[in-house]
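Read in order, the letters of the sequence shown correspond to residues 3 to 1001 in the working numbering.
Heads up, the beta-carbon is just placed ideally off N, CA and C, and yes, glycines get one too.
As the structure is a prediction and not an experimental result, all values here were calculated from the model.
First comes the structure, then the notes that go with it.
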Amino acid sequence: MTQTGMNARLSALGTMMEPVAAHTSRTLVGRDAELEQLCELLGIHPRRARQGVVLLSGDAGVGKTRLLMELRDRAQAEGWQVAAGHCLDFGESALPYLPFSELLGRFDTELPEVVERVSAMHPALGRLQPGRRVRTSSEGSSEAEPSADRGELFDAIHALLDAAGAEAPLLVVIEDTHWADQSTRDLLGFLFTRSFINPVSLVVSYRSDDLHRRHPLRRQVAEWSRLQTVDRLALSPLPDDAVRELVRELAPELLGERELADIIDRAEGNAFFVEELVASGAGAWVPDDLADLLLVRLDRLSDEARQVVRIASVAGRKVSHSLLEAAAGLPAAELDAGVRQAVEMNVLVAGTKTYSFRHALLGEAVYDDLLPGERVRLHGQYVAALAAGAGRGTAAEMARHARRAMDFDRAVTAGIEAGDEAVSVGGPDEAARHYEHALELLEDTERAERLGIDVSKIVVKAADAHSAAGDSQRSAVLLAEHIERLPADAPAAVRARLLSNYALALSITETPLDPVEIVNEALALAPEGESPLRAKVLAIHARVLSAYHRLEEAENSATEALGLAERLAMPVLASEVVTTMSSLRFKRGDGSDGDAVRAALQDAVARAAAAGAVSAELRALFLIGRSHQEAAEWDDAARWFAAAVDRGLAAGLPWAPYSIEARWQLGWVRYAKGEWDAALDLLQIADDDGGPLIPRSIIEATRLAILSARGNDVSADLRRLRKVWPDEGGVAVFSAGIEIEAAAQEGDAGAALATYDDVVDVLTRIWTEHFAGRVRLAAQTIAAVARAMPAASAAERSALLDRAAALRADGDAVVERFVAGNASWGPEGRAWALRLAAEHLRVRWLAGVDVPDRDELLAAWAGTVAAYEELGSVPELARARTTYAGILRLLGDTAAAREQGDLAREAAHQLGAVVLLDELRASGSTPARATSTASQRLTAREREILALVAEGRSNGEIGRQLFISTKTVSVHVSNILGKLGAAGRTEAAAIARRDGLLD
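Structure follows, in structure tokens:
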């Protein structure tokens, strides 16, 4: 390509960002330093090889867009292409990947050969083509497109940007991500962590004042900020001198000093407010309220222009010319005149084919100023335009307009269509909202009959979407509500559909109801013969019975379901059934041939992947991981769990059943292997306040176990998790263990026993009194009793001995029941059973009552250590060795005690387990000085924080300097102290200076 052609192309790409409006200062005021910093961070000038990613934040109106326009001009001058995508405020009708659809549309126009080439290699790219997402004049087909693999979509966008960067360096700008949907945020996170072969840089802007505590972007900004490839730039308000300069640039002769001072005072450094005050004349008549201030601009418009602006505000911040024209219904000359004046007066900004408000706040103020009846009428005009195909828009837009126009029939059909579209691109949260909005309107039974919609099918779609988003509780509640509403004469097929799905939802939650009874009722109501509904009900029947170990009945239902699914050409359902049948082999054990079971599950994975049955694929991947986990084959377990986590992420289902469980179990595997930093990284998703409560709580327990062992006070977090115990036994059994061990460290046997009693009470009600985890909890509680025994009075010792004996009996009863029932009792169970017996012997020995023989005590602890060594659990082995070393020392075998203590200390340093190091010191084991090997285990971030600690900075000061939270700094400091074997910050600083860690 010639240089002239390249420049022409760059010029065309430059129009992807809206031009500077006529009445805005064309001189960048007060932002020179930020512009230079942006250019440097993004590699625009000076040019650098590494891609740049910048998060640009600032309050609404502070000047982010104006700075980005200047950045665009600078980048073009340096030979860069510039492309921009915008997030829009669709409220409850979010459209997944909207800014990337916009980017793709622009690339398709400007670089068609690049788009064609990439699309050939990545067909998934076509799903984001604007034309594919726009409704036609028809109401949409009854069949939704199959769900896309989100990983393929992500790879396709990455490949497109990389290919565009081959033409010339590419700067991608994504604006207003505070309005971004979850799918867009996930795609941005993907791009931030992937390098490009060609020069591609990204800048992402958002309103910092919109990021309230529960805003979904807040957590992701924090996570992105931890990436080495991501930099942050926050725009602060302009100083008074810069505001004065800006006012003089806008109105050099119109304002006196008094008016100028008034603007400086009232604008508070917000460039947009400054421009609005200047444009409105800055007279005393301008009201203080911002909305009124914004609306003053409309007073200068003609009636025709004001009407055009009002109509445009109903569309949101941006509207295409074709849709505005169709919705307005004005004569062409009148429309053009109105638009032209609105653009000239800096109310609207003209793009290539669209008009947008110069600032989002302006559009919102205009919309809010409409009369209620006026809003309804104008939304109706948009509905008519979209329905006739005169204007182009998405199903989500149609649903929003129809709902606000009181056109509820159309809102239902468009909402269902929007939900299907969201599912197809991996947006379950958005899909669930669309379906639920439709269901609210379908409560009118006449409407459902008029539209010919089977409400039960939409209920199941919504329930499936909630489940895929990780909210199985909401899924069950939704189904229960609609079952309750069914009239007595409801068709049997409708009742069967809802009951079967309700049973499935209940089977993966804690419930006092009997899912088996419910699913049996559903099967009795299912139609006979070659019926797709019967096949689905049978498949669910098999899954529910399998969950409750009714394996023979489950096998029968699965066999019938598979036959029906194959005869009726239902490949996704067939894959689900094959996975269920493979899981039955896993639960039965099929003898001792674990390899054969895993091979069957791997076949199920392949079949599910081929059919696009993501749920079945996740389930099979998880079960393979569990089979290795139960055999203590940690590396293989980690590999398969990681595969399930990655598949869930690729499909946009990080919280879905078996996706989040795989993350949980992978976290525990990394915990057991001693890879605590990697586990913490994996479990950061628990910080997502927008995520479902129970899945977040499940993985939070693992993280708290690490933080507690590293000396952090997690008591408040553990109290919070107690509220979830009745809803998820997994949270109860693991978080209770952390509480018990924390009580043991304080020598508070009473608190440990109380926690044990509380958790057993809860789990007995929702599970059974003979749950496997009771062995571990009993062993941990006896250990707490042993810690308290030396300081106990004679009366207290007697009571503690009685409780210890009861705890031993509790654990032994569980083991006996499992063994008698031929249930699997793997290496982990055996290790905890040995620890239970050894801890009970220790209690008797310390109490001086029924004292065990020395050889018996030592053999029990040697066996426990050997069992944990075989298991390969680094932290539990270190804890067992610490206790064993203390016993050996008290019995006078100092050489053996030193050997066990040194091994435990080495592991504790590796883990950063401050609590364990303290216990070793308390037992008389001399702490080792930090070695160069221990120091080398510090991560780059930990070294950075250590240097600031050595300077005497507080956690708050460190957090502000590194743009991370104070809590995150505290976690890092605890890790540093543990790894260096330091008792406090002063000692850590001294060790750092001694070992040259600050060089």
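Beta-carbon to beta-carbon, residue 660 and residue 646 are separated by about 6 Å, close enough to satisfy the 8 Å threshold.
The beta-carbon separation of residue 70 and residue 175, rounded to 6 Å, stays under the 8 Å limit for a contact. Distance from the Cα of residue 807 is smallest, within the candidate group 545, 685, 842, 411, for 842. In this chain, the beta strand (DSSP E) harbouring residue 177 covers 172-177.
Excluding five sequence positions before and after residue 577, the CB atoms of its chain that fall closer than 6 Å to its own CB belong to 609, 610, 613, 615, 618, given in chain order. With fewer than 16 neighbouring CB atoms inside 10 Å of its own CB, residue 941 falls in the exposed class. Judged by DSSP in its simplified three-state form, residue 198 adopts coil rather than helix or strand. With a beta-carbon spacing of about 6 Å, residue 874 and residue 634 fall inside the 8 Å limit used to define contacts. Counting only unbroken stretches of 3 or more residues, no beta strand (DSSP E) element lies wholly within the region 508-564. In chain order, 553 place their CB closer than 8 Å to the CB of residue 590, counting only its own chain and leaving out the 5 sequence neighbours on each side. Residue 359 has 350 as its beta-bridge partners, per DSSP. Membership of residue 55 in any alpha helix (DSSP H) is not indicated; the residue belongs instead to the beta strand (DSSP E) covering 55-60. Three or more Cβ pairs closer than 8 Å define a contact, and the region 308-324 meets that threshold against the region 334-347. Counting along the chain, no beta strand (DSSP E) covers residue 182, and no H or E run does either.
By a beta-carbon distance limit of 8 Å, residue 161 contacts residue 124. Their separation comes to about 5 Å. Taking C-beta separations shorter than 6 Å and ignoring five residues to either side along the sequence, the partners of residue 384 in its chain run 329, 403, following chain order. The beta carbon of residue 524 sits closer than 6 Å to the beta carbons of 498, 501, 502, 539 from its chain, once the five residues preceding and following it are set aside; these are given in chain order. Shown here for residue 864: same chain residues with a beta carbon closer than 8 Å to its own, the five before and five after excluded, namely 886 in chain order. Beta-bridge analysis with DSSP links residue 233 to 56.
In this structure residue 247 is not in contact with residue 65, their Cβ atoms being roughly 13 Å apart against a cut-off of 8 Å. In the three-state DSSP reduction, residue 309 falls in the helix class (H, G or I).
In this structure, DSSP gives residue 955 a state outside helix and strand, which the three-state scheme calls coil. DSSP places residue 87 in the uninterrupted beta strand (DSSP E) bounded by 83-88. With at least 16 other beta carbons inside 10 angstroms of its own, residue 463 counts as buried. Straight-line measurement puts the Cα of residue 638 at about 12 Å from the Cα of residue 624. Judged by DSSP secondary structure, residue 320 falls outside any alpha helix (DSSP H) and instead within the beta strand (DSSP E) spanning 320-322. Taken through DSSP and simplified to helix, strand or coil, residue 396 comes out as strand. DSSP places residue 577 in the uninterrupted alpha helix (DSSP H) bounded by 573-590.
Going by beta carbons, residue 567 and residue 541 fall inside the 9 Å limit. In its chain, beyond the 5 residues on either side, 547 have a beta carbon closer than 6 Å to the beta carbon of residue 555. Assignment of beta-bridge partners to residue 207 by DSSP yields 58.
If you check the CB distance, residue 802 and residue 758 do not come in under 9 Å. Here residue 370 has 293 as same chain residues with Cβ atoms under 7 Å from its own Cβ, once five neighbours each way along the sequence are excluded. Non-local C-beta neighbours of residue 899 in its own chain, meaning closer than 6 Å and more than five positions away in sequence, comprise 887, 890, 891, ordered along the chain. The C-beta of residue 236 has fewer than 16 other C-beta atoms within 10 Å across all chains shown, which makes the residue exposed. Just measuring C-alpha positions, the residue of 91, 964, 983 sitting nearest residue 225 is 964.
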